[in-house]
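*Asks:* Take a look at this one; I'll ask things after.
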Amino acid sequence: MPELPEVESFGKYLDKTSLNKKIESVDVKSPELLQNIDISALKGNLEGNKFQFTKRHGKYLFVYLDNKNCLILHFGMTGNLKYYKKSEEEPSYGRFLVNFEDKSHLAFVDPRKFGKINLISKMEDFIKEKKLGPDAARMDFKSFIDIFKKRKGAIKPALMNQHIFAGIGNIYSDEILFQTCVHPKTPVNKLSDDKLKEIFMVTKEVLETAIDRNLKHEELPDSYIIPNRVKNGKCPNSDVKLETLKVGGRTAYFCPECQKEIL
DNA sequence: CGTGGCTCCTGGCGGC
DNA sequence: TGCCGCCAGGAGCCAC
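Numbering-wise, the first sequence is residues 10 to 272 according to this note's numbering.
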């Protein structure tokens, strides 16, 4: 699930449910998710304090505490947040539970345990340490063009590379390439300036649309490839059967008619 | 620099 | 039904 638009939604969900409540206790059920901190230090930072506000960078959610430190959540492939009021509603695969004084709870749910939890005092330090590029929803055209003009490899892995721009993953990169009629293996240096500009514009638009629809719990537009990104799925424009390819180790779905390979 | 392969972990699905 | 292999919206590491 969690690429940039989903993480944006998780942030809004946390804002809506869990800010300014005193944290009574914390249950770390899967300590292996903790990266730069141990259980007691995490408890020491959270217990007795409150979540104040959230920020997002790429696929990371930064949850600021009133002690100025910041809890950092990464959702891996299957991470999610679940707020609930009664302990019998505790979800399966809750790896990390925050128990508030008002007896409600926020669970970090993650069946596959690819999620990661960090605690740090400065968001900027973390971004630097992880070498994350600018957030894809906030990138500007000039930096986009400067970076992509120098690239040589395939476009899809470049879009997914968190060191270039952060937030785009396998699913949304497929959408961006579908909307711009670009084959996922196209080398970046074979794309015209106009095409690069189009990719930039469409990236912004796709991310904004997905964020908007996520928040409203609405489906993506019918013209999108994502809802058709299933076995035997068809191109929403032509009814042609979608094909798959391994690109950068991930499965790309694309329309062989709309997205011709440039050789 | 860029790519491909492997790893972490768990559940769901299709095939035999 | 049971078992097996494969796949899954992430990302770090290593070898070429």
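Where is the CB? At the ideal position from N, CA and C, for every residue including glycine.
Applying the criterion that 16 or more other CB atoms from any shown protein chain within 10 Å of the CB defines a buried residue, is residue 50 buried or exposed?
*Replies:* To locate residue 50, count along the first sequence from 1; it is residue 41. So residue 50 counts as exposed.
*Asks:* Unbroken alpha helix (DSSP H) runs of length 4 or more, entirely within the segment 88-163: which are they?
*Replies:* DSSP runs (the alpha helix (DSSP H)) wholly in the segment 88-163: 132-138 and 150-158.
*Asks:* As a quick exercise: from 47, 261, 187 and 129, pick the residue whose alpha carbon is nearest that of residue 76.
*Replies:* By 1-based counting over the first sequence, the position of residue 76 is 67. Comparing Cα-Cα distances from residue 76 to each of 47, 261, 187 and 129, the minimum goes to 129.
*Asks:* Around the Cβ of residue 258, are there at least 16 other Cβ atoms within 10 angstroms (buried) or fewer (exposed)?
*Replies:* One-based indexing of the first sequence puts residue 258 at position 249. Exposed: under 16 other Cβ atoms inside 10 Å.
*Asks:* With distances taken Cα to Cα, identify the nearest neighbour of residue 155 among 173, 111 and 31.
*Replies:* Within the first sequence, numbered from 1, the residue matching residue 155 stands at position 146. Out of 173, 111 and 31, 173 has the C-alpha closest to the C-alpha of residue 155.
*Asks:* Residue 84: which of 202, 11, 145 and 28 sits nearest, CA to CA?
*Replies:* Locating residue 84 in the first sequence gives position 75, counting from the first residue. Considering only alpha carbons, the answer is 11.
*Asks:* Contact defined as beta carbons within less than 8 angstroms: I believe residue 122 pairs with residue 42. What is the distance between those atoms, to the nearest angstrom?
*Replies:* For the purposes of this step, residue 122 is identified with residue 113 of the first sequence, where counting begins at 1. For the purposes of this step, residue 42 is identified with residue 33 of the first sequence, where counting begins at 1. 6 angstroms between Cβ atoms; contact.
*Asks:* Using the beta-carbon count (16 or more within 10 Å), is residue 48 buried or exposed?
*Replies:* Translated into positions along the first sequence, residue 48 becomes position 39. Under this definition residue 48 is an exposed residue.
*Asks:* Can you give, in chain order, each stretch of the alpha helix (DSSP H) that sits fully within the segment 13-97 and has at least 4 residues?
*Replies:* Correct list: 13-27 and 48-55.
*Asks:* Can you tell me the Cβ-Cβ gap for residue 91 and residue 100, rounded? I've got them flagged as a contact below 8 angstroms.
*Replies:* Here residue 91 refers to the residue found at position 82 of the first sequence. Here residue 100 refers to the residue found at position 91 of the first sequence. Indeed they touch by this definition, with Cβ atoms about 5 angstroms apart.
*Asks:* Does residue 206 come out as helix, strand or coil in the three-state DSSP assignment?
*Replies:* For the purposes of this step, residue 206 is taken as residue 197 along the first sequence, with counting starting at 1. Note: residue 206 maps to helix in three-state DSSP.
*Asks:* Taking buried to mean at least 16 other C-beta atoms within 10 Å of its own C-beta, is residue 193 buried or exposed?
*Replies:* As a first step, residue 193 is located in the first sequence; it is residue number 184 there, counting from the start. Classification for residue 193: buried.
*Asks:* Need the endpoints of the beta strand (DSSP E) that residue 262 sits in, please.
*Replies:* Locating residue 262 in the first sequence gives position 253, counting from the first residue. 259-263 is the extent of the beta strand (DSSP E) around residue 262.
*Asks:* DSSP three-state call for residue 252: helix, strand or coil?
*Replies:* The residue given as residue 252 occupies position 243 in the first sequence. Three-state result, residue 252: strand.
*Asks:* Are residue 271 and residue 199 closer than 7 angstroms when you measure CB to CB?
*Replies:* In the first sequence, counting from the first residue as 1, residue 271 sits at position 262. In the first sequence, counting from the first residue as 1, residue 199 sits at position 190. Result yes, Cβ atoms of residue 271 and residue 199 sit closer than 7 angstroms.
*Asks:* Is there at least one non-hydrogen atom of the ligand FMN closer than 6 angstroms to the beta-carbon of residue 77?
*Replies:* Ligands in the displayed structure: none, and consequently the ligand FMN is not present.
*Asks:* Using DSSP with H/G/I as helix, E/B as strand and the rest coil, what is residue 236?
*Replies:* The count along the first sequence starts at 1 and reaches residue 236 at position 227. Looking at residue 236 - three-state DSSP - the assignment turns out to be helix.
*Asks:* By the 10 Å Cβ neighbour count, where 16 or more other Cβ atoms means buried, how is residue 134 classified, buried or exposed?
*Replies:* Indexing the first sequence from 1 puts residue 134 at position 125. It is exposed - the Cβ of residue 134 has fewer than 16 other Cβ atoms within 10 Å.
*Asks:* Tell me which residues share the same chain as residue 94 and place their Cβ nearer than 6 angstroms to its Cβ, disregarding the 5 neighbours each side in the sequence.
*Replies:* Walking along the first sequence from the start, residue 94 turns up at place 85. Cβ neighbours of residue 94 beyond the five flanking positions: 113.
*Asks:* Count the other C-beta atoms from every protein chain shown that fall within 10 angstroms of the C-beta of residue 44, then say buried if there are 16 or more, exposed otherwise.
*Replies:* Taking the first sequence and counting its residues from 1, one reaches residue 44 at position 35. Label assigned to residue 44: exposed.
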